[in-house]
Amino acid sequence: QEIRSNRDNVIFLNGGDFYQGTVWYTLHRWQIVADLVNTLGIDVMSLGNHEFDDGLKGLFPFLKNLKPKVVVCNINSSKVPEFADYVQPSTIMEIGGEKVGVIGYLTPETKYLSSTGDLEFEDEVACIKREARTPPSIEEPQGPYPQVIEREDGSRALVVQDFAFGKYLGFLEVEFDSEGKISGWQGNPILLDSSVSEDPEILELLEPYGLEVKRRVRQTVGHTNVLLRGDRLTCPHGKRLEFRGCGTLELWGIRSSIDERMNEGNVTFEDVISVAPFGNTMDVVALKGKYLRQVLETSMRDYDLDSIDPPGSFLQVSGLRLTYNVSEPVGSRLIEAYVRCADCRVPHYQPLDDEKVYWVVMSTYMTKGGDGFAVIQENAIANRNTDELDIDIIIKYAQKRSPITTGLENRITVLSARDNEVPSETENTVATESLITATTEAAEADKAIATEVVTENASENSKPSSSMLNNIISEIDSGLEIVKTNLQEAGEKANKLIGMKFPIG
1 QEIRSNRDNV IFLNGGDFYQ GTVWYTLHRW QIVADLVNTL GIDVMSLGNH EFDDGLKGLF
61 PFLKNLKPKV VVCNINSSKV PEFADYVQPS TIMEIGGEKV GVIGYLTPET KYLSSTGDLE
121 FEDEVACIKR EARTPPSIEE PQGPYPQVIE REDGSRALVV QDFAFGKYLG FLEVEFDSEG
181 KISGWQGNPI LLDSSVSEDP EILELLEPYG LEVKRRVRQT VGHTNVLLRG DRLTCPHGKR
241 LEFRGCGTLE LWGIRSSIDE RMNEGNVTFE DVISVAPFGN TMDVVALKGK YLRQVLETSM
301 RDYDLDSIDP PGSFLQVSGL RLTYNVSEPV GSRLIEAYVR CADCRVPHYQ PLDDEKVYWV
361 VMSTYMTKGG DGFAVIQENA IANRNTDELD IDIIIKYAQK RSPITTGLEN RITVLSARDN
421 EVPSETENTV ATESLITATT EAAEADKAIA TEVVTENASE NSKPSSSMLN NIISEIDSGL
481 EIVKTNLQEA GEKANKLIGM KFPIG
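For the record, in the sequence shown the residue sitting at position 98 is 98 according to UniProt numbering, with numbers rising by one throughout.
Next up, the structure:
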């Protein structure tokens, strides 16, 4: 508002990605986003991959209620004609008597990152060149604000970005000569900190939405005695990475940690939303071992040992013990894989059998081939959707299993040619709370229905019923009790033999 009041010829643009991230969106979905976007006074916007997280059914009501024009040039919507009713490749605005063109595009990776239905993606560079008379000759701009690109004809283009999460408001003032070429510019991103006054109109808009947020945000759903890590980080030794988790889930799906030192260890609804903001439903899928092996290999396809930020498609697992060697070629990095035998009287780990059928629990997003896991969609023998959201499963689990106490299990070990030995366990492990189980004691965490990999002799037409899954959990419970009893007896005998007191349990 201040910029508009002090300057002429102002255009307010936005690149999208309004969806997701907070309890506000989880509770109020597209409606609160549409109200906010319309109130902000944006002139033209594009879409981000997160606008597709609720599928087209979650996108179309948003688009239908928007005031700004929406531009995306690299989507072929011939199979989804309704998309073209709300989105156009580009638009021309008249500002101060001059025509100004605005083109938008969507990262092609969106088809792997979100739920885009039957929309087809085209090359973004080609579509920009098609729409623009003199496009910038660069594909992946990075650098200062703005980055100046010299075109082949000698003219210049300015490329800008303003970080993420609404932390900055990008501001760029540009001067053009009589031929429409850039002659000067100034500006920088504006930090939206406490020095920027809250807007009364926005506060009024948010007030009715905030009532439900306040009611739900502090609702306690469980208790944890330990830090539940959900960040992507490096081993403190600096020479290797070691990952552990509790579910066949992508790292993209685990968005936060839960600190047991905060709120006296109470786990709130807001905590759960911060960990699992996407509202995924869960599927139970039957896969032969050879295809499960391919899934695990796909998990490592983009893994870089030197990166502090592992790829989002890297899977967190439960019921599996895996060893990868990243010095091997992509597709051959899984060097050891063991699956916990849950139908054995005493659960133990067995080598992954290529011809055996395993029931695997994962997000519906993965089942449909999201994040490049097409092998699941193409080779699933059976698939049963639980119709339950991940956050609901986490809440039920936390309520049943509190207080939560995790242990280190060495579920996933990542090696490279520079490692001389298998990494030992460290305190810094990733995603111990998991999207599905919110984790609990080491052995018991593995039996949670939402993250269990269960060995079952499944026929091609069989599907896991609720009763079967309940029976599996009962079997695991029985096995755990046997293990605990045996440990208790062994410990008591050892104490008698050597006259010392060992911790038992």
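Yeah, the Cβ is synthetic: ideal placement off N, Cα and C, and Gly gets one too.
Take the Cβ of residue i as the centre, count every other Cβ of all protein chains shown within 10 Å, and call the residue buried at 16 or more, exposed below.
i	result
Glu-2	exposed
Pro-351	exposed
Pro-347	buried
Met-262	exposed
Glu-355	exposed
Lys-111	buried
Pro-329	exposed
Ser-194	exposed
Ile-335	exposed
Asp-153	exposed
Phe-163	exposed
Val-316	It is Gln, not Val, that sits at residue 316 in the sequence shown. Label assigned to Gln-316: buried.
Asp-371	buried
Ile-202	exposed
Ala-438	Low confidence applies to Ala-438: its pLDDT is 32, below 50, so where it sits in the model is not reliable enough to give any reading.
Glu-82	exposed
Arg-340	buried
If you compare alpha carbons, which of the options is closest to residue i?
i	options	result
Gln-31	Val-148, Val-80, Phe-60	Phe-60
Lys-288	Arg-215, Gly-55, Asn-379	Asn-379
Thr-116	Ser-318, Gly-166, Tyr-349, Lys-368	Lys-368
Ser-98	Asp-177, Asn-74, Leu-158	Here the sequence assigns Glu to residue 98, which means Ser is not the residue at that position. Residue Asp-177 is the option with its Cα nearest to Glu-98.
Gln-161	Ser-114, Asp-302, Gly-16	Gly-16
Asp-123	Arg-293, Glu-131, Met-93, Pro-108	Pro-108
Ile-404	Glu-336, Val-295, Gly-265, Leu-211	Gly-265
Met-42	Phe-121, Phe-12, Glu-51	For clarity, residue 42 is Ile in the given sequence; the question names Met instead. Among Phe-121, Phe-12, Glu-51, the Cα nearest to that of Ile-42 is on Phe-12.
Gly-331	Tyr-303, Gln-20, Gly-154, Cys-341	Tyr-303
Ser-318	Glu-82, Asp-392, Tyr-338	Tyr-338
Phe-165	Phe-18, Ile-393, Lys-400, Arg-340	Phe-18
Val-357	Arg-293, Glu-175, Val-125, Lys-167	Arg-293
Glu-175	Pro-208, Glu-131, Arg-7	Arg-7
Take residue i and list the residues in its own chain whose beta-carbon comes closer than 8 Å to its own, dropping the five residues that flank it on each side.
i	result
Arg-156	Val-148, Ile-149, Glu-150, Lys-181, Ile-182
Glu-460	Only weak support exists for where Glu-460 lies, its pLDDT of 41 falling under 50; the value from the coordinates is given anyway. Answer for Glu-460: Ile-381, Ala-382, listed in chain order.
Val-71	Val-44, Met-45, Ser-46, Val-87, Gln-88, Pro-89, Ser-90, Thr-91, Val-102, Ile-103, Gly-104
Arg-333	Glu-297, Met-300, Tyr-303, Tyr-324, Asn-325, Val-326
Phe-373	Val-295, Thr-298, Ser-313, Met-366
CB residue i to CB residue j, shorter than 7 Å?
i	j	result
Lys-67	Asn-38	yes
Ala-276	Ile-381	no
Val-102	Val-10	no
Phe-278	Ser-299	no
Val-221	Ala-398	yes
Leu-119	Leu-47	no
Asn-325	Leu-415	yes
Ala-34	Asn-14	no
Gly-170	Pro-189	yes
Tyr-291	Val-217	no
Ser-114	Asn-74	no
Val-284	Val-361	yes
Glu-270	Val-23	yes
Ser-5	His-223	no
residue 509	Thr-413	Nothing in the structure corresponds to residue 509, since the chain is present only between 1 and 505.
Name, in chain order, the residues that DSSP records as bridge partners for residue i.
i	result
Met-93	Val-100
His-348	Cys-341
Asn-14	Met-45
Trp-24	BP columns for Trp-24 are empty, so no partner.
Asn-76	Glu-120
Gln-294	Answer by DSSP bridge pairing: none, since Gln-294 is not bridged.
Ala-157	Ile-149
Phe-176	Ile-182
Leu-205	DSSP lists no partner for Leu-205.
Arg-333	DSSP, once it has assigned bridges, lists no residue as partnering Arg-333.
Val-221	Per DSSP, none; premise fails for Val-221.
Residues in its own chain within less than 7 Å of residue i by CB, not counting five upstream and five downstream?
i	result
Glu-173	Trp-185, Gln-186, Gly-187
Thr-26	Ile-273, Pro-277, Gly-279
Ile-95	Asn-9, Ile-11
Ser-78	none
Asn-385	Thr-281, Asp-283, Thr-364
Gln-20	His-50, Asp-53, Pro-277, Phe-278
Arg-301	Val-330
Ala-84	Ser-77
residue 511	As shown, the chain starts at 1 and ends at 505. That puts residue 511 outside it, with no answer to give.
Ala-126	none
Consider the C-beta atom of residue i and the heavy atoms of the ligand MG; say whether any pair is separated by less than 6 Å.
i	result
Gly-21	The ligand MG is absent from the structure shown, which contains no ligand whatsoever.
With a threshold of 6 Å on Cβ separation, who are the neighbours of residue i within its own chain once the five nearest residues in sequence on each side are excluded?
i	result
Leu-56	Gly-117
Arg-321	Tyr-338, Tyr-349, Arg-411
Tyr-209	His-28, Ile-32
Asp-93	According to the sequence shown, residue 93 is Met rather than Asp. The answer, listed in chain order, is Val-100.
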